[in-house]
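A.B. asks: Starting off with a structure, shown below.
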């Protein structure tokens, strides 16, 4: 446990809630959670499952109906052919990532993680006793690693590369062409597996079409695990359904691990996820349009604050400005102190970039109403704009 830190985003949310409970008016832009309710047709599927007695254990790796829905989604939306034995549904995408790492990694293995990265990646790797190797790409690089960076990082100890597309926290998204350039490097290292976390796939508006790594680089499909879930696209964070598709041998190991930890994910949530994947998709487009509108408001507003520099995102619901100049202007030491200033002086909760392996940045979630965003911007400007 000395290797692992509590989730920084979880700690931030707990702090914000504690301040709110004490009567302090805090605007939280920290949560990576859609502010929309789960769509009605998905909720109704869960109600129907309860009414029909669908409340028993399912297969450890997910019900047949859910695995078929996942298989069909992979084929329909990503052009990926996974047999049912190559798919495991779990309790959220985080469990899928954890199980893959636990099945694959040994002490002494190295895992390449492009930074800025989602906060849990490196700590999950630490729990396996493998070693995370961070590759940083800042705002000048559009937050995307270059092939030559990857080439320099790989060695005989490398076992896994973890990709997140679109990226939490930056909103950046690799194109198929960019993935193929990375694949050229990876082709020289046959021991290295690739995990592509695509949980924000449908919250995307970049100029290039969304690219799934395994589809863009079919020559590496037998070394690629594709992770996804229903939490973000369908506003189903609390339902806890994620899934992974990959090589049979690895997914068999994942299935075994899951059999000795949580067993099957919630049967009611599985029924809801089947409807999410198979049912009317208009809700996904509607929510994505709202996120795009908020993005188009927030990014220019952040760029108008002295000391903030923010890149347009290609998706997700996060803005990730570089704030080194703002830190210096305020006489602060680092991004953690700036986040503390914002929550205490402006009553706006954000997450420091250092939690994502990116010192000197902040993550602000725009998974909140436009009214909330406008109020937050007003508070920040009142403190930081001369």
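In the working numbering, the protein residues as written are 368 to 753.
Using N, Cα and C, we set each Cβ at its ideal position, and we do this for glycine too.
Taking 8 Å as the cut-off, decide whether the C-beta atoms of residue 541 and residue 682 are in contact.
C.D. replies: Not a contact, by the Cβ cut-off of 8 Å.
A.B. asks: Looking only at its chain, what residues have a beta carbon closer than 7 Å to the beta carbon of residue 688, apart from the 5 residues adjacent to it on each side?
C.D. replies: Here the set comprises 669, 675, 676, 677, 728 and 729.
A.B. asks: Go through its chain and collect everything with a Cβ distance to residue 447's Cβ below 8 Å, but skip five positions before and after it.
C.D. replies: Closer than 8 Å at the Cβ level, and outside the excluded window around residue 447, lie 441, 579, 581, 582, 588, 593 and 612.
A.B. asks: Please report the residue range of the alpha helix (DSSP H) in which residue 536 lies.
C.D. replies: No alpha helix (DSSP H) contains residue 536, which DSSP labels as neither H nor E.
A.B. asks: Check the DSSP bridge columns for residue 689 and list the partner residues they point to.
C.D. replies: Paired residue(s): 676 and 728.
A.B. asks: Mind checking which residues open and close the beta strand (DSSP E) that includes residue 591?
C.D. replies: That run of the beta strand (DSSP E) goes 591–596.
A.B. asks: Please report the straight-line C-alpha distance between residue 506 and residue 454, rounded to a whole angstrom.
C.D. replies: Taking the straight line joining both Cα atoms gives about 35 Å.
A.B. asks: Spatial neighbours of residue 424 within its chain, please: C-beta separation below 8 Å, excluding the five flanking residues on both sides.
C.D. replies: Only 630, 631 and 634 meet the Cβ criterion.
A.B. asks: Which same chain residues end up closer than 7 Å to residue 465 when comparing Cβ atoms and leaving out the 5 residues on each side of it in sequence?
C.D. replies: The residues are 491.
A.B. asks: Buried or exposed, going by whether 16 or more other CB atoms sit within 10 Å of the CB of residue 389?
C.D. replies: Exposed: under 16 other Cβ atoms inside 10 Å.
A.B. asks: Cβ of residue 609 within 8 Å of Cβ of residue 462?
C.D. replies: Contact: yes.
A.B. asks: Taking 7 Å as the limit between beta carbons, can you name the residues of its chain near residue 548, skipping five residues before and five after?
C.D. replies: So the qualifying residues of the chain are 514.
A.B. asks: Which of the three DSSP states is assigned to residue 561 in this structure?
C.D. replies: It is a strand residue.
A.B. asks: DSSP on residue 502, reduced to helix/strand/coil?
C.D. replies: It is a strand residue.
A.B. asks: Is it buried or exposed, residue 371, if we count other Cβ atoms within 10 angstroms and call 16 or more buried?
C.D. replies: Its Cβ having fewer than 16 others within 10 Å, residue 371 is exposed.
A.B. asks: On a CA-only basis, which of 563, 709 and 685 is nearest residue 539? Give me that one, please.
C.D. replies: Ranking 563, 709 and 685 by Cα distance to residue 539 puts 685 first.
A.B. asks: Would you call the CB atoms of residue 639 and residue 400 closer than 8 Å?
C.D. replies: Not in contact: residue 639 and residue 400 (Cβ atoms no closer than 8 Å).
A.B. asks: Would residue 803 be called buried (16 or more neighbouring beta carbons within 10 Å of its own) or exposed?
C.D. replies: Outside the displayed span of the chain (368 to 753) sits residue 803, for which this structure offers no information.
A.B. asks: Starting from residue 660, trace the alpha helix (DSSP H) in both directions and tell me its first and last residue.
C.D. replies: Unbroken alpha helix (DSSP H) run through residue 660: 649–670.
A.B. asks: Touch check for the region 401–417 and the region 640–653: three-plus C-beta pairs under 8 Å?
C.D. replies: Flag = yes, the region 401–417 and the region 640–653 touch.
A.B. asks: When the Cα atoms are used, what is the spatial distance from residue 709 to residue 602?
C.D. replies: About 28 Å.
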